[in-house]
Amino acid sequence: MVALYHPDACNFSLLITDDDKSCRDSLREILEQKGYTTYLASCGREAIKIARSEELHVLILDAHLPDYSGLETFNIIKKEISISIPCIFISGDITKELRINLIDANAYTLIPKPINVNIFRDSVEQVIEKYYWK
Numbered sequence: 000m001v002a003l004y005h006p007d008a009c010n011f012s013l014l015i016t017d018d019d020k021s022c023r024d025s026l027r028e029i030l031e032q033k034g035y036t037t038y039l040a041s042c043g044r045e046a047i048k049i050a051r052s053e054e055l056h057v058l059i060l061d062a063h064l065p066d067y068s069g070l071e072t073f074n075i076i077k078k079e080i081s082i083s084i085p086c087i088f089i090s091g092d093i094t095k096e097l098r099i100n101l102i103d104a105n106a107y108t109l110i111p112k113p114i115n116v117n118i119f120r121d122s123v124e125q126v127i128e129k130y131y132w133k
């Protein structure tokens, strides 16, 4: 697959929510190298607070957070802030139930941990192309 690049990447803001600081920092570095603006949260409550105050284009949520689950966080943000915001989920514990719940919630995709950088980068570029480069 050819990696997508768009000169307006800096116009897109992404929220990375994971309770693992090293994972957050690694994903932030990948995205900022591509020119994206990133916000970081370590739990669902922080993610919701950021989503209320910033214009976000994509959510990246760990499925398992210390307070709300990633799915609960996604549903709250969709209900209160933006029903159409796309979300990429990440998880080290992928179950059939999780997959079904994410499909029902209209999540964009689910990426397993440990995260393959190329798959992650391609997924972000694809979701932005699908939702914003029409």
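Going by numbering that gives the first Met the number 0, the first residue of the sequence shown is number 0, and it counts up by one from there. All residues carry an ideal CB built from backbone N, CA and C; glycine is no exception.
- Judged by DSSP in its simplified three-state form, residue 42 adopts coil rather than helix or strand.
- Per DSSP, the continuous beta strand (DSSP E) segment holding residue 87 begins and ends at 86-90.
- Less than 8 angstroms divides the Cβ of residue 29 from the Cβ of residue 116.
- Short of 7 angstroms from the beta carbon of residue 53, and not among the five residues preceding or following it, lie these beta carbons of its own chain, in chain order: 12, 38.
- Taking the Cα positions, residue 34 is about 30 angstroms away from residue 93.
- Judged by their CB atoms, residue 24 and residue 64 are not nearer to each other than the 8 angstroms cut-off.
- When secondary structure is reduced to three states using DSSP, residue 17 falls in the coil class, being assigned neither helix nor strand.
- Counting along the chain, residue 121 sits inside the alpha helix (DSSP H) bounded by residues 116-131.
- Of 99, 21, 43, 60, the smallest CA-CA separation from residue 66 is found for 43.
- DSSP places residue 72 inside the alpha helix (DSSP H), whose first and last residues are 69-79.
- In the structure shown, the three-state DSSP call for residue 59 is strand.
- In the DSSP assignment, residue 102 falls within the unbroken alpha helix (DSSP H) covering 95-103.
- For residue 110, the enclosing beta strand (DSSP E) starts and ends at 108-111.
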